[in-house]
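Chains as they are written, first to last, in our numbering: chain A, 1 to 289; chain B, 1001 to 1296; chain C, 2001 to 2365. Where a beta carbon is used, it is the ideal one built from N, C-alpha and C, also for glycine. Predicted model only: the values in this text are computed from it and were never measured. Take a look at the structure set out below.
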Amino acid sequence: MQWLERHVPKLVLAPSFIAALLFVYGFIGWTAWVSFTRSRLLPNYDLVGTIQYERLFASPRWEVALNNLFVFGVLFIGVAMLLGLLLAIFLDQKIRTEGVLRTIYLYPMALSLIVTGTAWKWMLNPGLGLESMVRGWGFETFSFTWITDPDMAIYTVVIAGVWQASGFVMALFLAGLRSVDGEIIKAAQVDGIPTHRIYTAIIIPSMAPIFLSAFIVLSHLAIKSFDLVIALTGGGPGYATDLPATYMYAMAFSRGDIGQAASSAMIMMMIVFAIVVPYLYSELRAKHD
Amino acid sequence: MTDTSYAPPTQSRGLKIALRWGLYLMLGVFAVWYLLPLFVMLTTSLKSLEEIRTGSLIALPREVTFDAWRTAWSGACTGIQCEGLQPYFWNSVMLAVPAVMISTVLGAMNGYVVAQWQFRGANIIFALMLFGCFIPFQVVLLPMARTLGILNIAGSIPGLIFVHVVYGIGFTTLFFRNYYVTIPAELTKAAKIDGAGFFRIFWSIFLPLSLPIIVVTVIWQFTQIWNDFLFGVSFSQAGTQPITVALNNIVNSTTGVKAYNVDMAAAIIAALPTLLVYVVAGKYFIRGLTAGSVKG
Amino acid sequence: MSHILEVDGLFKSYGATEILKDINVSIDKGEFLVLVGPSGCGKSTLLNCIAGLEPITGGAIRIAGQDMTEVSPKDRNIAMVFQSYALYPTMSVAKNITFGMQVRGVDKATQSAKLADVARQLQIEPLLNRRPGQLSGGQRQRVAMGRALVRDPALFLFDEPLSNLDAKLRVEMRTEIKRLHQDLGASMVYVTHDQIEAMTLATKIVVMKGGIIQQIGTPHEIYTRPANTFVADFMGSPAMNLIPARATPNGQGSVIEIAREGAEPLRLDEPRHAGLSGEILLGLRPEDMHEATARAGEALQGGAVRVDVVEPAGADTYVVARLGGKEVTSRLSADTQARAGAALEFGFDLSKASYFAPETGERLA
Chain A
1 MQWLERHVPK LVLAPSFIAA LLFVYGFIGW TAWVSFTRSR LLPNYDLVGT
51 IQYERLFASP RWEVALNNLF VFGVLFIGVA MLLGLLLAIF LDQKIRTEGV
101 LRTIYLYPMA LSLIVTGTAW KWMLNPGLGL ESMVRGWGFE TFSFTWITDP
151 DMAIYTVVIA GVWQASGFVM ALFLAGLRSV DGEIIKAAQV DGIPTHRIYT
201 AIIIPSMAPI FLSAFIVLSH LAIKSFDLVI ALTGGGPGYA TDLPATYMYA
251 MAFSRGDIGQ AASSAMIMMM IVFAIVVPYL YSELRAKHD
Chain B
1001 MTDTSYAPPT QSRGLKIALR WGLYLMLGVF AVWYLLPLFV MLTTSLKSLE
1051 EIRTGSLIAL PREVTFDAWR TAWSGACTGI QCEGLQPYFW NSVMLAVPAV
1101 MISTVLGAMN GYVVAQWQFR GANIIFALML FGCFIPFQVV LLPMARTLGI
1151 LNIAGSIPGL IFVHVVYGIG FTTLFFRNYY VTIPAELTKA AKIDGAGFFR
1201 IFWSIFLPLS LPIIVVTVIW QFTQIWNDFL FGVSFSQAGT QPITVALNNI
1251 VNSTTGVKAY NVDMAAAIIA ALPTLLVYVV AGKYFIRGLT AGSVKG
Chain C
2001 MSHILEVDGL FKSYGATEIL KDINVSIDKG EFLVLVGPSG CGKSTLLNCI
2051 AGLEPITGGA IRIAGQDMTE VSPKDRNIAM VFQSYALYPT MSVAKNITFG
2101 MQVRGVDKAT QSAKLADVAR QLQIEPLLNR RPGQLSGGQR QRVAMGRALV
2151 RDPALFLFDE PLSNLDAKLR VEMRTEIKRL HQDLGASMVY VTHDQIEAMT
2201 LATKIVVMKG GIIQQIGTPH EIYTRPANTF VADFMGSPAM NLIPARATPN
2251 GQGSVIEIAR EGAEPLRLDE PRHAGLSGEI LLGLRPEDMH EATARAGEAL
2301 QGGAVRVDVV EPAGADTYVV ARLGGKEVTS RLSADTQARA GAALEFGFDL
2351 SKASYFAPET GERLA
């Protein structure tokens, strides 16, 4: 009875912890192992070295996927951050309709990326969407066919992604703006510092942690992006809009190439770790001090 | 609220008003850009195919028809079956409700332990669990597919529930932990001296305080699970697919004439539950979003 | 021999850091023990160990003669009042007070009888149906006391219960706790960082620093015969003056020599102690430095010292001067002649003086 009383907290936490060990760390280990084998349709556990990684980096499709991740990641994170910050600053100017506007800017975050992709796919449809709308206004030569253009299609993913996530960044930044010490701002106003300087010199620098959070969340979203591409372009035209996530899925479930799926998943994880681990580490460190 | 509306004395009144108007104009333009897809989805879903082909994207329907909605709900084809979204909608409900409940309860208990019953190594265990929130799920897809097969729940709704619970616990634990650490440890101490044990303290003291965080967690988990596509498409089979997978299948179905109005109606149906939650409990939704990211 | 509480060679560490080192203290029934020290001295940890809320690393704690090492808090027959009061926020005041009895399965009739009893004693009857959030600080304090009283324990534990109250309320509640102690004849252990609280409440004080007991004694002993310079400095406000000085034995006593500015050193006779010699610290309470003209006829030894600052404080006036190269404060009557910048003839009452070794800070005599 005494023993039980003392160990109840551990017993309560145990199942979740064991699940994490097994289904997170164990599974990562399994995938890592398989990424060093010749597994095809079925897993094969004989280690053969880095052959899968060599195949991966020799694959033009993977090259496209990595390139796309870079282009998409940089633009998606950059534009969403910029737009989010801008909207947050705009909304911070004692806007009478702030509540309504905030609701409008943020609602895409409640949608499934499949819904977002479906909507934008329709709007970007060259024959019936925005293109024909603008032509209908009299601009007969207007052309907007990015979604079917292999060179431009990835930018449509950026558009839809920014549409979905920028409101969320706005909410983060707005909360950050509001948490800046009011006395500092009053002191700056008393000193006669103009509003735009108050923002650039005082408020925005003090929001560094929020920039970091937004960056982490957005990069995490970018690397995991899968649904949006599937719904918007299906990875096409051809594999022009493939991302590592869609590459991995295609290898795992339609090509029956488990080795390639595992190695591409491992690369994805390493990219995430390269971003998240330093962040988590600094967070945990900061909390201990 | 910080007051940053400072106007230097040199700025003329006229300029100030012009700036104000410019500000509202910009905010209005952005509002339009965020609302446009929803507006287009809605109007398209109420038009006939004929009108879609001839009219403008943003024109209001000349003649409102709910045919597309009816088809999307009960007649649209997802591959070979043509039952509409209806069965998949209920799949998602039957998947989301238990998965949300189980992961919330587990998160509450875990968070309670980590925040109030610290033992040696509890923080490390918490960090290890939290880490599971950050992995790209691609890295667990293959072994999970095999594991579900071994457990004999592959391609089933219980299998999907299992997956969502396993990978949802990290976040739910984080939410409750961050909430419960703000409750003074003295409360637990006082209750211990009063003779209450682990579960009694949770039930009598912590649970009655937890309504806000329960709402945040339930909304977060519901949104995540309802909107999930990756697990749904990887671990379901014909008949057990969640609504996001079915929607994608309808949109990409190649049989027959492309019915954009049905696609849009289907998309709205798939989005409706989470949109509704957002409209009804937006405050908690935002709190979940920011808590899930800032506190990481 | 039967102490109500015995702490016997107690050690407590978190990992490699030792929080409490060899704590030995005991109290008898009806005593009021105050643990006092600066923050981080281990006093709250010690209280938590006594309550069973923290496991101990070594030694033993006995309550009413029984070893408590393996006994959980609820079975130690104790009650505790916390700094934040720790009232259950979702329960009414009445429920807060009866929750413990409810958990223990006390019958409803007894519960309400005891509740009524305690509520009357603390005059909180009108509050019974309110939530803690609707109460003022002082009211919460009363409810927290009520929750402790209703248990009728062998030992009451208080963890800085007054530190969240404003100054006026703190003095009121202090008196109330003292009255409660007298009325109940209960045994209490009380943690505070406020030395005035310690002095006014305690029958026995334990002064702690860095997890080590510096001194145990009655308030009078602690005040008049501090065991070291830490206790001398910590207990009493303004603090005891610790004046660097030189001692030379002269037959049956010693001569104490103190440097002063702009004049030859003060030379004072200390007839009580013959053993003092070399560099020492003379410990003198501010009230043991008098204004010589006001105390003519008393056996005081005098000397003129230039006054730096004069601080009237109502009943008393504090006068700051420099002696032995350090600032010293004296407590003089409000009608003092002291003027800043002018010399004042002080009278030192060495019969109340303490002497410390400058290097170790330990009491010499």
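Exercise. According to the neighbour-count rule (16 or more other Cβ atoms, all chains shown, within 10 Å of its Cβ), is GLU5 (chain A) buried or exposed?
Worked result: exposed
Exercise. If you pair each beta-carbon of the stretch 2025-2036 of chain C with each one of the stretch 2203-2212 of chain C, do three or more pairs fall below 8 Å?
Worked result: yes
For this session: Flag ILE1269 (chain B) as yes when its Cβ comes closer than 7 Å to any non-hydrogen atom of the ligand GTP, and as no otherwise.
Result: For the structure depicted, the ligand GTP is absent and the ligand set is empty, with no information on it obtainable.
For this session: From the DSSP output, read off the bridge partner residues of THR97 (chain A).
Result: DSSP lists no partner for THR97 (chain A).
Problem set entry | Amino acids of chain A, ordered along the chain, whose beta-carbon sits closer than 9 Å to that of ARG1062 (chain B) | Correct list: empty, because the minimum Cβ distance to chain A is about 15 Å.
For this session: Determine the burial state of GLY84 (chain A): buried for a count of at least 16 other Cβ atoms within 10 Å of its Cβ, exposed for fewer.
Result: buried
Exercise. Comparing alpha-carbon positions, which option in C:GLU2345, C:LEU2157 and C:VAL2309 lies nearest ALA2292 (chain C)?
Worked result: C:GLU2345
Exercise. Taking the Cβ atom as the reference point for each residue, do PHE1176 (chain B) and ALA1108 (chain B) lie within a distance shorter than 8 Å?
Worked result: yes
Exercise. What in chain A is Cβ-close to GLY1282 (chain B), meaning under 8 Å?
Worked result: THR103 and LEU106
Problem set entry | Any chain B beta carbon closer than 8 Å to VAL74 (chain A) | no
Exercise. Going by the CB atoms, is the gap between LEU2005 (chain C) and ILE1979 (chain C) shorter than 8 Å?
Worked result: The requested residue 1979 (chain C) does not occur in the structure, where chain C is confined to residues 2001 to 2365.
Problem set entry | Proximal residues, the stretch 1198-1222 of chain B versus chain A, C-beta separation under 9 Å | PHE1198 and PHE1199
For this session: Compare the C-beta of ARG1053 (chain B) with all C-beta atoms of chain A and state if any pair is closer than 8 Å.
Result: yes
Problem set entry | Members of the stretch 1181-1194 of chain B near chain C, C-beta cut-off 7 Å | PRO1184, GLU1186, LEU1187, LYS1189, ALA1190, LYS1192, ILE1193 and ASP1194
Exercise. When we look at the beta-carbon of ASN125 (chain A) and count the other beta-carbons within 10 Å, is it buried (16 or more) or exposed?
Worked result: buried
Problem set entry | Element boundaries [beta strand (DSSP E), containing LEU2282 (chain C)] | 2278-2284
Problem set entry | DSSP bridge partner residues for THR2017 (chain C) (one or two, in chain order) | C:TYR2014
Exercise. Are there 16 or more other CB atoms within 10 angstroms of the CB of ILE2222 (chain C), so buried, or fewer, so exposed?
Worked result: buried
Exercise. Taking contact to mean at least 3 C-beta pairs separated by less than 8 Å, is the stretch 2125-2138 of chain C in contact with the stretch 2051-2058 of chain C?
Worked result: no
Exercise. Under a CB-based cut-off of 8 Å, is ALA2365 (chain C) close to chain B?
Worked result: no
For this session: Show which residues of chain F have a CB atom less than 9 Å away from the CB atom of ALA1127 (chain B).
Result: The chain inventory of the structure shown lacks chain F, comprising the protein chains A, B and C.
For this session: Quick one: list the residues of chain B neighbouring MET269 (chain A), beta-carbon separation under 7 Å, in chain order.
Result: ILE1135, PRO1136 and VAL1139
Exercise. Quick one, are the C-beta atoms of PHE2156 (chain C) and SER2112 (chain C) less than 8 Å apart?
Worked result: no
For this session: Flag this pair as touching only if the stretch 1068-1082 of chain B and the stretch 2013-2026 of chain C have three or more C-beta atom pairs under 8 Å; answer yes or no.
Result: no
Exercise. ALA1196 (chain B) CB to nearest chain C CB: under 8 Å?
Worked result: yes
For this session: With a 10 Å radius around its C-beta and 16 neighbouring C-beta atoms as the bar for buried, classify HIS2220 (chain C) as buried or exposed.
Result: exposed
For this session: Please confirm if GLN2083 (chain C) has its CB atom under 8 Å from at least one CB of chain B.
Result: yes
For this session: Please confirm if ILE2256 (chain C) has its CB atom under 8 Å from at least one CB of chain B.
Result: no
Exercise. In chain order, what residues of the stretch 1083-1116 of chain B put their CB closer than 9 Å to some CB of chain A?
Worked result: LEU1106, GLY1107, MET1109, ASN1110, TYR1112, VAL1113, VAL1114 and GLN1116
Exercise. Which value, in whole angstroms, describes the spacing of the CA atoms of THR1004 (chain B) and LEU1289 (chain B)?
Worked result: Reliability of the predicted coordinates at THR1004 (chain B) is poor, the pLDDT of 49 falling under 50, and the value obtained from them is presented with this limitation in mind. Approximately 26 Å between the Cα atoms of the pair.
For this session: Kindly say whether PRO205 (chain A), judged by its beta-carbon, lies nearer than 8 Å to any beta-carbon of chain B.
Result: no
For this session: Report yes if the CB atom of VAL2191 (chain C) is closer than 8 Å to the CB atom of LEU2035 (chain C), and no otherwise.
Result: yes
Exercise. Taking only beta-carbon atoms, is GLU140 (chain A) less than 8 Å away from chain B?
Worked result: no
Exercise. From the DSSP output, which residues share a beta bridge with GLU2327 (chain C)?
Worked result: C:ARG2322
Problem set entry | chain B within 8 Å of PHE215 (chain A), Cβ atoms only | no
For this session: Note down, in chain order, each residue of its chain lying with its Cβ closer than 6 Å to the Cβ of PHE1285 (chain B), except the 5 sequence neighbours on either side.
Result: ILE1219 and TYR1278
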